[in-house]
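So the protein sequences, as listed, match chains A and B.
The opening residue of the first sequence carries number 34 in the working numbering; numbering runs sequentially from there.
The opening residue of the second sequence carries number 180 in the working numbering; numbering runs sequentially from there.
No residue lacks a Cβ here, since even glycine has one placed at the ideal position from N, Cα and C.
From a predicted model like this one, the values you see are computed outputs, not experimental measurements.
Just below is one structure, and these are the notes that go with it.
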Amino acid sequence: KNQVEQSPQSLIILEGKNCTLQCNYTVSPFSNLRWYKQDTGRGPVSLTIMTFSENTKSNGRYTATLDADTKQSSLHITASQLSDSASYICVVSDNTDKLIFGTGTRLQVFP
Amino acid sequence: DAGITQSPRYKITETGRQVTLMCHQTWSHSYMFWYRQDLGHGLRLIYYSAAADITDKGEVPDGYVVSRSKTENFPLTLESATRSQTSVYFCASSDGSWGNTIYFGEGSWLTVV
C-alpha cells in the first residue's frame, strides 16, 4: 500500500535553532515529492517540488533533500523564526500523478 | 493574493441537510480539486476536475456531488449531510498536469450536528 509517514509528529524548538523533519514513503513508482507548509487555520502552501533526479532543493531557509533509493526525504529549516510555527506536510506523487499526503509534523518555535 | 477563494469559511448544519461549498479561482487554472482534512489523516481527495464539464472521483467521493460549468468555479455539494462529513474542506487548483504546483484555498470548516 502506498504510504507516506512523517516524523516526528510534533516538535518544539527555540527561535534561531535549526531543525530537520523526516518523510519516509513506500509509494511506487515514484514521480515527485512535495513539501507544504500549513499555518493553523489556513490552507497548505507549497515549499518545494522534487523529481527523481533532484537530491536537494532550497527555498529560502528551507532545504529539502531526497534519497529516492531509500525512499526518504527531509526538510531542514535553518535559523528558525516564530513564523515557522506550522504543520509541514510531505506529499508523494506516483506515476498516475495521484498525490499521497502524510499527516504532517507540527512545529512550534518558541522565543 | 486571493487567487482561490472558498465560501463559506465556517458552516454549521444539521444532519440530512444539503450543503454547498463554493470555490472560485481567478487564475484560469484547468485543474481543480476538493480535499478533506481530518485529524489523523492526510488530505484526502474527494473529486477533481481537469477542465470545465469534466469531473472525476477521488479517494472518498461517497456522499458528495460536484459540477464545473465554468472554469473558475468548482462547487462541492453534500446532498444529505452526515456527522462523518464534519471536516475541513480545501479547494485547490493547478495550471497544468498533476506535476505542477497545486494552490490551496483557505479552507471551509463544516460541522454537521
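**Message:** Whole angstroms are fine: how far does the CA of residue 250 of chain B sit from the CA of residue 143 of chain A?
**Reply:** By 1-based counting over the first sequence, the position of residue 143 of chain A is 110. By 1-based counting over the second sequence, the position of residue 250 of chain B is 71. Taking the straight line from one Cα to the other gives about 43 Å.
**Message:** Give me, in chain order, the residues of the same chain whose beta-carbon lies closer than 6 Å to that of residue 45 of chain A; leave out the 5 immediate sequence neighbours on both sides.
**Reply:** The sequence position of residue 45 of chain A within the first sequence is 12, counting from 1. Result list for residue 45 of chain A: 141, in chain order.
**Asked** Along the chain, which unbroken stretches of the beta strand (DSSP E) at least 3 residues long are found entirely within the stretch 41-118 of chain A?
**Response** 43-47, 52-58, 63-71, 78-84, 89-92, 95-100, 105-110
**Message:** Let's test the definition: count the other Cβ atoms within 10 Å of the Cβ of residue 133 of chain A and tell me whether it reaches 16, buried, or not, exposed.
**Reply:** As a working mapping, residue 133 of chain A is identified with position 100 in the first sequence. Buried.
**Request:** At 9 Å on the CB atoms, spell out the chain A contacts of residue 286 of chain B, in chain order.
**Result:** Taking the second sequence and counting its residues from 1, the one referred to as residue 286 of chain B is at position 107. Going along chain A in sequence order, the residues near residue 286 of chain B (Cβ under 9 Å) are 74, 75, 76.
**Asked** Is DSSP giving residue 264 of chain B helix, strand or coil here?
**Response** Reading the second sequence from its first residue, position 85 is the one you call residue 264 of chain B. Correct three-state label for residue 264 of chain B: helix.
**Asked** For the beta strand (DSSP E) that residue 134 of chain A lies in, which residues bound it at each end?
**Response** Taking the first sequence and counting its residues from 1, the one referred to as residue 134 of chain A is at position 101. That run of the beta strand (DSSP E) goes 132-134.
**Message:** Using a Cβ-Cβ cutoff of 9 Å, what residues of the stretch 77-88 of chain A are near chain B? List them in chain order.
**Reply:** 77, 78, 79, 82, 84
**Request:** Could you confirm whether any beta carbon from chain B is found closer than 9 Å to the beta carbon of residue 131 of chain A?
**Result:** Residue 131 of chain A sits at position 98 when you count from the first residue of the first sequence. Yes, its Cβ sits closer than 9 Å to a Cβ of chain B.
**Prompt:** Secondary structure at residue 288 of chain B, three-state DSSP: helix, strand or coil?
**Reply:** Here the question's residue 288 of chain B lines up with position 109 in the second sequence. It is a strand residue.
**Asked** Using a threshold of 8 Å, is the CB atom of residue 68 of chain A nearer than that to any non-hydrogen atom of the ligand ADP?
**Response** In the structure shown, the ligand ADP is absent, as is every other ligand, since no ligand is present at all.
**Prompt:** Looking at C-beta atoms only, is the number of pairs between the stretch 65-78 of chain A and the stretch 200-213 of chain B that lie closer than 8 Å three or more?
**Reply:** no
**Message:** Just checking: is the beta-carbon of residue 222 of chain B within a distance shorter than 9 Å of some beta-carbon in chain A?
**Reply:** Taking the second sequence and counting its residues from 1, one reaches residue 222 of chain B at position 43. With 9 Å as the cut-off, residue 222 of chain B counts as an interface residue toward chain A.
**Prompt:** By how many angstroms is the C-alpha of residue 58 of chain A removed from the C-alpha of residue 125 of chain A?
**Reply:** Taking the first residue of the first sequence as 1, we reach residue 125 of chain A at position 92. Taking the first residue of the first sequence as 1, we reach residue 58 of chain A at position 25. Rounded to whole angstroms, residue 125 of chain A to residue 58 of chain A spans 7 Å at the Cα level.
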